[in-house]
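In the numbering used here, the protein residues as written are 774 to 1544.
Even glycine gets a Cβ: it sits at the ideal position worked out from N, Cα and C.
These figures come from a predicted structure and were not determined experimentally.
Reviewing the structure listed below.
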DNA sequence: GAGCACTGC
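Here you go:
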């Protein structure tokens, strides 16, 4: 409250101290919350004093303000304010360069003055970097220090303070916040940006704000999107009004191939070289699907490019691959300048970037004039029957094709070459990429929804409802993990699991590790399983890489190998050099360390003890594997006598992934991942004892419900043996008890006998006395 | 004896 009172931004307040504040007050005195006009807002911005801080505006502020006024979105400020004043939901479509992401939240800020009620405005982004960089930019535009009045909040960093009134955050972060504040009561407005990307989190958030708005008439919701597919958004938000803001990009001419291409890789290379030979100066961006394809294309482009330069006297080429697992230093090369002509006045050089769809949204490369789009990308698909997520090369959507083409027109007019026919574009491509929620395993999401207080999942109001089977799978998993009870309500363990920002199985594993005295180790394993593959295997040094990995190999399997790697990493003095020497991905390990710290904090909050077993104890590793089993008992495979692994319950034939350190084939294994490629592989595998399965997950190992197979028969035998032992134990216990109770009885009898005798004696004595 | 689109809590 003090902060609020101390804020000169409040028009009604009389400042006790300086004329500075009076100046500020005067500047903002005309702003009445929820009733401002564009003119009033602009005049406040034009003042000499910053109403947020009471300070004089800097020269830099004034320079930036001039540019802000030229943004297309500023011409629509009044219209936007009118819409916001008379509607709870507003849909805004703004193309790249419209200024919506930076300006709209500021208009909302001046209109709502949220801090006068101790509240904030949140603007969500799908990606962390975007949240950070936009917050940085807007803090400059408002002439305040980043993290004060304007801040950001992302997974590993909370850059906000008690003064913060405008917060940029990732949509996942806001979702987490909603789990402890179901009505998002700290916010007077929520702005959902990049909604067209339809990430899992955005979709859930949209559903959430819709239900919150029904309960909170005071909250304003603005949904911002970059595509023209606005009707769907409008309809979803009760026919919300639409504001369209033009963008500021250059025209891109689109070319199609007359005939379908059989080999898109070959066609892409040819097209790139043709552009180089015939088109004017300007860099080229080629979209391919994955690392291997990209490296192959670069190799071919270099070879054939050299020939072109020799034979046809073309300019030099700079060929750069781009994909996410590339080390950052290599990624930086996309910003290199195109090479100079070989001779003075010779033909200009050219840069060719060969990229995955990381260049579609996440990274922007200036200077691109030509885009080559073969029309494919790797997309996640989820198959609920086999409960497997996998990556599949699939045709892109028309929206994605448009997005790719747009990358050619960022600095000047460009050209886009689509390696498919126009007919194919119109008839074969789907309008929009299927939203992620239709392509994902929803285990974690369902748990979060439960935590958000959504009980009726079937009638959950999503923009695209997910398949009932996918929901069933999620509920089934959570039930087996003990996160949901028979009525699908959250159990205490379920509450705990939902606190962890990881897969429910991993969280269960951590929680169970407390029972086995090994939380410290299991936290490390969980962190290592939550990051991209740490083992590098460059094509030119495969053997060396394999040897390096063998140093970490643990005979129990891959999970313990990961633990070895983590421990060794933590013990190294120069981690980056050490990683390089050992063919390990430094980025992944650093991130694992970060995640482990976060998980440790959550574990502490859940009051789990942070403990380790004695390293010399024979149970040190088995206990870690027991905890592993407690999370992954649904992902077990059994080695049949014919030498094949069969997954338990599903009876799928699988192979140990060649990357596994397990050379001997243990009879029972748990696996972390089912990989669907030409064959079915299980990856990241560890040996377990079959007894553990029956002990730790008896509700899942209800053997009569299993399909008949070798594994079942063996488990049945073990179950019988366990039962026999138990019976024996029980019998023995009963016998002991009986013996004990007999003894007790005897004792009792003795006692009573004695008492009787005593009584008799007393009576006799009494009699004798009276006589 | 293989394959790692991209995000995110």
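{"Query": "Please report how far the alpha carbon of residue 1504 lies from the alpha carbon of residue 1464, in whole angstroms.", "Result": "21 Å"}
{"Query": "Residue 1330 bridges to which residues according to DSSP?", "Result": "1459"}
{"Query": "State the DSSP-derived secondary structure class of residue 882, mapped to helix, strand or coil.", "Result": "helix"}
{"Query": "Measuring alpha carbon to alpha carbon, tell me which of 1250, 1186, 1500 ends up nearest residue 1280.", "Result": "1250"}
{"Query": "Please report the residue range of the beta strand (DSSP E) in which residue 895 lies.", "Result": "893 to 898"}
{"Query": "Put residue 1430 into one of helix, strand or coil per three-state DSSP.", "Result": "coil"}
{"Query": "Going along the chain, which unbroken runs of the beta strand (DSSP E) with 3 or more residues stay wholly within the stretch 1051 to 1097?", "Result": "1056 to 1060, 1090 to 1095"}
{"Query": "Given residue 1106, which residues of its chain have a CB within under 7 Å of its CB, disregarding the five upstream and five downstream residues?", "Result": "1093"}
{"Query": "Along the beta strand (DSSP E) that carries residue 1448, what are the first and last residues, could you check?", "Result": "1441 to 1449"}
{"Query": "Going by DSSP, which residues form a beta bridge with residue 1150?", "Result": "1167"}
{"Query": "Pull up the CB-CB distance for residue 1013 and residue 862, whole angstroms please, since I reckon it's below 8 Å.", "Result": "4 Å"}
{"Query": "Tell me whether residue 1193 sits in a helix, a strand or coil according to DSSP, three-state version.", "Result": "coil"}
{"Query": "Quick one: what's got a C-beta closer than 6 Å to residue 803's C-beta in the same chain, skipping five residues either side?", "Result": "813"}
{"Query": "Going by the CB atoms, is the gap between residue 1193 and residue 1030 shorter than 8 Å?", "Result": "yes"}
{"Query": "Pull up the DSSP beta-bridge partners for residue 1420, would you.", "Result": "1410"}
{"Query": "Please specify which runs of the beta strand (DSSP E), each continuous and at least 3 residues long, are wholly inside the stretch 1305 to 1378, giving them in chain order.", "Result": "none"}
{"Query": "Under 8 Å between the Cβ atoms of residue 1469 and residue 1410?", "Result": "no"}
{"Query": "Using the Cβ count rule (16 or more neighbours within 10 Å means buried), how would you classify residue 823?", "Result": "buried"}
{"Query": "Mapping the DSSP letters down to three states, classify residue 1035 as helix, strand or coil.", "Result": "coil"}
{"Query": "Taking DSSP as the reference, what is the three-state secondary structure of residue 1102?", "Result": "helix"}
{"Query": "Residue 1459: buried (16+ other C-beta within 10 angstroms of its C-beta) or exposed?", "Result": "buried"}
{"Query": "Considering only C-alpha positions, which residue in the set 1266, 1497, 1302 is nearest to residue 772?", "Result": "Beyond the ends of the chain as shown, which are 774 and 1544, falls residue 772; an answer cannot be given."}
{"Query": "Taking residue 864 as the reference, give the member of 1063, 999, 1027, 1453 with the closest Cα.", "Result": "999"}
{"Query": "Whole angstroms is fine: what's the gap from residue 1467's alpha carbon to residue 1486's?", "Result": "13 Å"}
{"Query": "Have a look at residue 1405 and residue 1421 and give me their C-alpha separation to the nearest angstrom.", "Result": "12 Å"}
{"Query": "Sort 1258, 1265, 1335, 1320 by Cα distance to residue 1296 and report the nearest one.", "Result": "1335"}
{"Query": "Please classify residue 976 as buried or exposed, where buried requires at least 16 neighbouring CB atoms within 10 angstroms.", "Result": "buried"}
{"Query": "Could you have a look at residue 1123 and say whether DSSP puts it in helix, strand or coil?", "Result": "strand"}
{"Query": "With a threshold of 7 Å on Cβ separation, who are the neighbours of residue 1139 within its own chain once the five nearest residues in sequence on each side are excluded?", "Result": "1183, 1184"}
{"Query": "Can you say whether residue 1433 is buried or exposed, counting buried as having 16 or more other CB atoms within 10 angstroms of its CB?", "Result": "buried"}
{"Query": "May I have the straight-line CA-CA distance separating residue 1248 from residue 1263, to the nearest angstrom?", "Result": "11 Å"}
{"Query": "Do residue 1067 and residue 1125 have their C-beta atoms closer together than 8 Å?", "Result": "no"}
{"Query": "If you draw a straight line from the C-alpha of residue 888 to the C-alpha of residue 1385, how long is it?", "Result": "47 Å"}
{"Query": "Do you know offhand how far residue 1016's Cα is from residue 966's?", "Result": "14 Å"}
{"Query": "Starting from the N-terminal side, write out each stretch of the alpha helix (DSSP H) that is 4 residues or longer and does not extend beyond the stretch 1190 to 1253.", "Result": "1195 to 1200, 1216 to 1224, 1241 to 1253"}
{"Query": "Looking at the secondary structure, which residues open and close the alpha helix (DSSP H) in which residue 866 lies?", "Result": "First-last for residue 866: 862 to 867, but that is the beta strand (DSSP E), not the alpha helix (DSSP H)."}
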